[in-house]
Amino acid sequence: MATLNNDYLKYPERSYGMDHDRYEWTMLHNRKPVKWPNGKKIALWVNVSLQFFPINQKGIPFKVPGGMTKPYPDLRHYSLRDYGNRVGAYRFFKALDQYNVTPTFAINTRLAERYPYLIGTVKERGDEILCHGYHMDTLHYGGQDIKEEEILVKKSLDTLRRLTDQDIKGWISPAKNESENTPDILAANGITYFSDWVNDDMPYEFKTKNGNLTAMPLATELEDFFIILNNLHSAEDWSDQVEDAFEFLLKDTETSGGRVLSLNIHPWVLGQPHRIKYLEKVLEKLGAHPDVWSASASDILNAWKAQQ
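This note's numbering puts the sequence shown at residues 42 to 349.
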């Protein structure tokens, strides 16, 4: 059997910890414990993704998860995504308000252009809005021309800021996919936090050429799309897994300080008549729990930053 040459293990940035300089390597249990306002133990971030999937998707460099799967025109899947923005979102509004849960809305800029009534409703509610890219088929990816990506990010943010009257500070890339330049471009355009990296339970500082961002933990493993449509579990399974995560993190706080429970949910998935009761079940439990602080992404970020 051939053995590996020693040069195989030598490459730039190889060192104890991380093999890059984007952030400092630390173990979660060694970090300074965080205290949330009013002695709460869990900061609950409910992130509602309002998305636009083009029916004539290009799929460059890959077909986005949740996108069209059949030959053009894939009206079956296009209209299902549209259902979330026309019907499911309003079920979400009602449930969030009923159980006193504070949401943050991740919005595709193209959706804000196409659905003025929906965006007007979000604006009237006064909830925080972050940018979810231009639309779900405008992917950021390795090898993408940097000028092309710079134009895309600027257009996405400038337009969403104008349409929502908010100084957007947060970002989630479509499919959470990035190029090697994405964080640097985001920081240059006034973004202070992003959620493309899912490698932690707590926020952490992330270095760019244009100043630091904060990587905010938005768990893919607890997404309704991931559990129900990717892993093919039931909506009841989704609610059970969320409650399991909550109970584990709550126990973690006994020795490690406050934790973040993040739920990324989609009106076209959980907003269906046969699934909405499971979202209501989760919100009812978390919204009434004495150890839960329900807050926007920025409020959680600011509370964390103040203690670093």
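Every residue, glycine too, gets a C-beta built ideally from N, C-alpha and C. Nothing here was measured: the structure is a model prediction, and the numbers come from that model.
Asked: Which residues bound the alpha helix (DSSP H) around Ser-120?; Found: 116–124
Asked: Could you work out which residue in Leu-290, Pro-308, Lys-104 and Met-243 is closest to Ala-338 when comparing CA atoms only?; Found: Met-243
Asked: If Leu-193 sits next to Cys-172, beta carbons under 8 Å apart, how far is it from one beta carbon to the other, in whole angstroms?; Found: Contact doesn't hold; Cβ gap of about 11 Å is too wide.
Asked: Rounded to a whole number of angstroms, what is the C-alpha to C-alpha distance between Ile-170 and Thr-143?; Found: 12 Å
Asked: Checking 9 Å against the spacing of the C-beta atoms, do Tyr-175 and Arg-151 come in under that value?; Found: yes
Asked: Who are the Cβ neighbours of Glu-264 in its own chain at under 7 Å, not counting the five residues just before and after it?; Found: Asn-305
Asked: Flag this pair as yes or no: are the beta carbons of Thr-210 and Tyr-245 separated by less than 9 Å?; Found: Correcting the residue identity first, residue 210 is Lys in this sequence and not Thr. No, they are not a contact pair.
Asked: Give me whichever residues DSSP pairs with Gly-252 in a beta bridge.; Found: Lys-250
Asked: Quick one: is His-70 buried, meaning 16 or more other Cβ sit within 10 Å of its Cβ, or exposed?; Found: exposed
Asked: Where does the unbroken alpha helix (DSSP H) through Glu-169 begin, and where does it stop?; Found: Per DSSP, Glu-169 belongs to no alpha helix (DSSP H); it is in the beta strand (DSSP E), 169–172.
Asked: Expressed to the nearest angstrom, what Euclidean distance is found between the alpha-carbon atoms of Ala-147 and Asn-272?; Found: 23 Å
Asked: Would you kindly report the start and end of the unbroken beta strand (DSSP E) that includes Phe-146?; Found: 144–148
Asked: Would you check if the segment 77–88 and the segment 49–64 touch, i.e. whether three or more CB-CB distances between them fall below 8 Å?; Found: no
Asked: Measure the alpha-carbon distance for Ala-329 versus Gln-139 and round it to whole angstroms.; Found: 11 Å
Asked: Closest to Glu-190 by C-alpha separation, out of Ile-96, Asn-222 and Lys-217, would be which residue?; Found: Asn-222
Asked: Could you name the residues of the same chain whose beta carbon sits closer than 6 Å to that of Leu-137, not counting the 5 residues immediately before and after it, in chain order?; Found: Pro-144
Asked: Can you name the start and end residues of the alpha helix (DSSP H) that Asn-305 belongs to?; Found: Counting along the chain, Asn-305 falls outside any alpha helix (DSSP H), though it belongs to the beta strand (DSSP E) covering 300–306.
Asked: Nearest to Trp-309 by alpha carbon, out of Pro-74, His-118 and Thr-162?; Found: His-118
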